[in-house]
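Written out below as structure tokens is the structure these notes cover.
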Amino acid sequence: MPRETEAPPRKPKICHIINALYVGGAEMMLCKLLESLQKRNEFEFSVITLLDGGPLVDQIERLGIPVQRCHMQQGKFRWKEVKHLRNLIRSEQPDLVQTWMYHSDLLGGVATKLANRRTPVVWNIRHSHLSQESDKRSTRLVGKLLARLSHYLPHRVIVNSQVGKSTHLDLGYRPELFEMIPNGFDLEKFRPSHQDRHSVVKELELPDSVKLIGHVGRFHSMKRHQLFIEAAGRLASEGPQYHFVMVGRGVGRENDELMEWIKATDYPHRFHLLGPRQDLPRLQAAFDLMVSSSGPGEGFSNVLGEAMASSTPCVATDAGDAKFMLGETGLIVPVDDLDALHLAMRQLLTAPEAELWGRGLAARKRIRENFTMSRITDRYTELWNSCLPALEESVEPEEKLKRKSA
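Taking the UniProt record's numbering, the leading residue of the sequence shown gets 1, the next gets one more, and so forth.
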């Protein structure tokens with residue numbers, strides 16, 4: 001008799017839980033990771049958002065990954081919503097749950113253990129610093145509560161920056177659980193392009209001779225928009241060739257506070273406020289210089305890595321892992337030092353063309369050797385597999401029966 005064909009081995013199922021899917025660093029990293037992993041076909045994925053979703057839902061669903069929404073209300077805690085989250089997790093029957101950011105680490109972790117106490121939970125902490133200035137009281141409380149729960153709830157804890165790891169160890173998180181996995185960058189998507197440079201200059205209705213200085217980040221005190229604008233104003237007074245392109249949620253002319261800072265420079269016509277954009281690879285390739293002016297709270301900056309991948313030289317404040325990221329390819333200045341930021345911007349923009357070109361090439365090479373999306377995907381895959389040494393043992397008996405009959 002002919003042998004029956006054996007069914008292919010079941011792929012481990014991983015459920016990602018995240019606050020929402022609005023455009024942000026953690027959210028974009030999840031999208032990039034899922035896109036990279038879908039090509040490998042090693043795991044089955046699902047996503048649950050605590051809130052109502054966001055614009056990145058479509059991007060994930062186009063990958064063939066289902067997204068469920070828990071419809072929690074921001075700032076309000078109801079036990080019935082945690083039970084609803086538990087039920088969503090039960091319906092997914094995951095082999096592992098990966099949570100993203102404090103509130104999802106807490107609620108997703110607790111709900112997972114209520115759904116099936118044997119399911120491994122991996123936290124992903126994106127904070128690098130907790131402060132009254134940049135974080136809500138509830139965020140600070142959750143961050144500190146997680147320190148206690150880290151001794152009981154998660155199997156592993158991922159952080160995306162060295163400074164973030166240090167901060168959370170100081171808070172009392174369980175040290176042996178930590179794994180530092182930085183953000184990864186797609187060198188096919190982010191790359192130097194004269195064509196993109198020309199099209200952006202044309203869009204802004206500027207001559208080809210301009211110098212475009214980029215600043216990318218949502219409007220938030222941590223991003224220090226005022227510091228960048230004041231440094232840009234000084235630079236603007238030194239030559240008509242300098243124009244400043246600002247991108248991010250809340251960065252538009254309808255922002256009265258932002259416009260007050262810009263008008264105070266006496267060069268408002270040199271500032272181009274684009275708000276949130278979906279064409280960041282095109283914009284990053286167009287910049288002559290990328291500036292990160294962030295204060296405490298920054299971790300492993302996506303926008304710096306994207307600029308480096310685009311061969312764009314960078315100036316950054318010494319926040320988060322910026323110094324580690326840039327290496328010798330760019331300039332680092334102290335946080336909140338206006339004079340130093342202005343002088344560093346001027347130094348690179350007035351440097352010989354060959355020096356700027358060399359810094360850009362070195363930056364892209366540093367990303368290729370250390371922070372490609374492929375390398376980072378490998379790190380996540382290895383960590384998840386280490387949490388799943390005996391897949392079937394993490395499944396409750398009644399769930400095994402369901403899977404066998406499916």
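For glycine and all other residues, C-beta sits at the position ideal for the given N, C-alpha and C.
For the alpha helix (DSSP H) holding residue i, just list the boundary residues, first then last.
i	result
SER374	373-386
MET345	338-349
ALA236	225-236
VAL142	137-149
ILE181	Per DSSP, ILE181 belongs to no alpha helix (DSSP H) and is neither H nor E.
ILE65	Unbroken run through ILE65: none, as it is neither H nor E.
LYS211	LYS211 -> not in any alpha helix (DSSP H); beta strand (DSSP E) instead, spanning 211-216.
residue 411	Beyond the ends of the chain as shown, which are 1 and 406, falls residue 411; an answer cannot be given.
residue 494	A query on residue 494 cannot be resolved here, the shown segment of the chain reaching from 1 to 406 and no further.
HIS84	79-92
GLU355	353-370
ARG10	No alpha helix (DSSP H) holds ARG10; DSSP gives it neither H nor E.
GLY162	The question names Gly, but residue 162 is Gln in the sequence shown. Its alpha helix (DSSP H) spans residues 162-170.
GLU203	194-203
MET28	25-40
Applying the criterion that 16 or more other CB atoms from any shown protein chain within 10 Å of the CB defines a buried residue, is residue i buried or exposed?
i	result
ARG366	buried
SER209	exposed
LEU141	exposed
ASN198	The residue asked about is misnamed: residue 198 is His in this sequence, not Asn. Per the 10 Å Cβ criterion, exposed.
GLU328	exposed
PHE77	exposed
GLN260	Residue 260 is actually Glu in this sequence, not Gln. When all chains shown are included, GLU260 counts as exposed.
ASN41	exposed
TYR152	exposed
ALA354	exposed
LYS11	exposed
LYS263	exposed
LYS223	buried
ASP105	buried
PRO240	exposed
ARG364	buried
HIS129	buried
Thinking C-alpha only, which one of the options is nearest residue i?
i	options	result
GLN93	THR112, ALA236 and TRP100	THR112
GLU306	SER237, LEU212, ASP105 and GLY360	GLY360
HIS269	ARG282, GLU254 and PHE244	PHE244
GLY164	ARG137, HIS127, ASP196 and PHE185	HIS127
LEU201	PRO296, ARG191 and GLY214	It should be pointed out that residue 201 corresponds to Val in this sequence rather than to Leu. Closest by alpha carbon: GLY214.
LEU383	THR265, VAL122 and ASP105	VAL122
ASN124	TRP357, LEU273 and HIS155	HIS155
HIS16	ILE89, LEU187 and ARG375	ILE89
LEU149	GLU188, HIS103, SER134 and SER166	HIS103
GLY320	SER311, ALA309 and VAL303	VAL303
THR119	GLN38, LEU96 and PRO207	LEU96
SER134	HIS84, GLY297 and GLU203	GLY297
ALA147	ARG191, ASN160 and THR167	THR167
GLY75	GLY25, LEU34, ARG69 and ARG137	ARG137
MET325	VAL335, GLU369, PRO352 and ASN19	GLU369
ASN63	PHE45, LEU21 and TYR22	According to the sequence provided, residue 63 is Leu. The question's Asn does not apply to it. Nearest option by C-alpha distance: PHE45.
VAL159	LEU169, LEU177 and ILE181	ILE181
MET345	ARG249, VAL82, ALA316 and GLY108	ALA316
GLN278	PRO9, TYR22 and ILE18	TYR22
LEU212	PHE271, LEU177, LEU169 and VAL251	PHE271
HIS225	GLU203, LEU258 and ASP196	LEU258
PHE371	LEU50, LEU85, GLU61 and PHE190	PHE190
In the DSSP assignment, find the unbroken beta strand (DSSP E) run with residue i in it and report its ends.
i	result
LEU96	96-100
ILE18	13-18
ILE125	121-125
GLN74	No beta strand (DSSP E) holds GLN74; DSSP gives it neither H nor E.
THR49	44-49
LEU273	271-275
ARG156	156-159
Using the C-alpha atoms, what's the distance from residue j back to residue i?
i	j	result
CYS79	TRP100	The identity of residue 79 in the sequence shown is Trp, whereas the question assumes Cys. Straight-line Cα distance between these residues: approximately 20 Å.
LYS402	LYS13	Its pLDDT being 45, under 50, LYS402 is placed unreliably by the model, and the measurement read from it follows with that caveat. Rounded to whole angstroms, LYS402 to LYS13 spans 15 Å at the Cα level.
PHE43	HIS194	38 Å
LEU338	SER131	22 Å
SER292	GLY172	30 Å
SER394	ASN116	Low confidence applies to SER394: its pLDDT is 42, below 50, so where it sits in the model is not reliable, and the reading given next is rough at best. One C-alpha to the other measures close to 8 Å.
VAL67	VAL47	5 Å
GLN73	GLU27	19 Å
CYS31	PRO55	12 Å
ASN255	LEU388	48 Å
MET29	GLY143	21 Å
PRO207	SER237	18 Å
PHE185	GLN284	13 Å
HIS342	GLY233	9 Å
PHE219	VAL251	6 Å
PRO356	MET308	Checking the displayed sequence, the identity of residue 356 turns out to be Leu instead of Pro. Each residue's alpha carbon lies about 12 Å from the other.
ARG282	TYR267	25 Å
Identify every run of the beta strand (DSSP E) within the region 243-327, keeping only runs that are complete inside it and at least 3 residues long; order them along the chain.
Scanning the region 243-327 for uninterrupted beta strand (DSSP E) segments of 3 residues or longer gives 271-275, 289-292 and 314-317, listed from N- to C-terminal end.
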